[in-house]
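First up is the structure itself, then whatever we jot down about it.
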Amino acid sequence: MPFDTGTFKALLAWADKIFEKLPKCDRCGDLLPEHYYTVQELYGDKFCSEYCAERAYADAFREEEVPA
Ligand SMILES: [Zn+2]
58 MPFDTGTFKA
68 LLAWADKIFE
78 KLPKCDRCGD
88 LLPEHYYTVQ
98 ELYGDKFCSE
108 YCAERAYADA
118 FREEEVPA
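Spelled out as structure tokens, the structure:
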């Protein structure tokens, strides 16, 4: 099978499309591992690590954590 530049570009475009559809961390944008992290209060968000989940939680609820 010939593998010219056009084929290579098409392959890259295809790979980009696949990559775009892969689930990503809602905090840092990295690809999610098979066992990703979630935060109950942040429904639907998925995180690559406990760190990202904790940071996202802290950002989302920062104002509530600080006493007025
Ligand atoms: Zn992350």
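For the sequence shown, the working numbering gives the first residue as 58, with consecutive numbering after it. For every residue, glycine included, the Cβ atom is placed at its ideal position computed from N, Cα and C. Quick caveat, the model's predicted, so the values are computed rather than measured.
- Membership of GLY101 in the beta strand (DSSP E) is indicated by the continuous run 99-104.
- Those residues that have a beta carbon less than 6 Å away from any non-hydrogen atom of ligand 1 are, in order along the chain, CYS82, ARG84, CYS85, ASP87, PHE104, CYS105, SER106, CYS109.
- DSSP places TYR94 outside any alpha helix (DSSP H); the residue lies instead in the beta strand (DSSP E), whose first and last residues are 94-96.
- Note that the C-beta distance between LEU89 and LYS103 is below 7 Å.
- By the CB criterion at 7 Å, TYR94 and ALA110 fall inside the cutoff.
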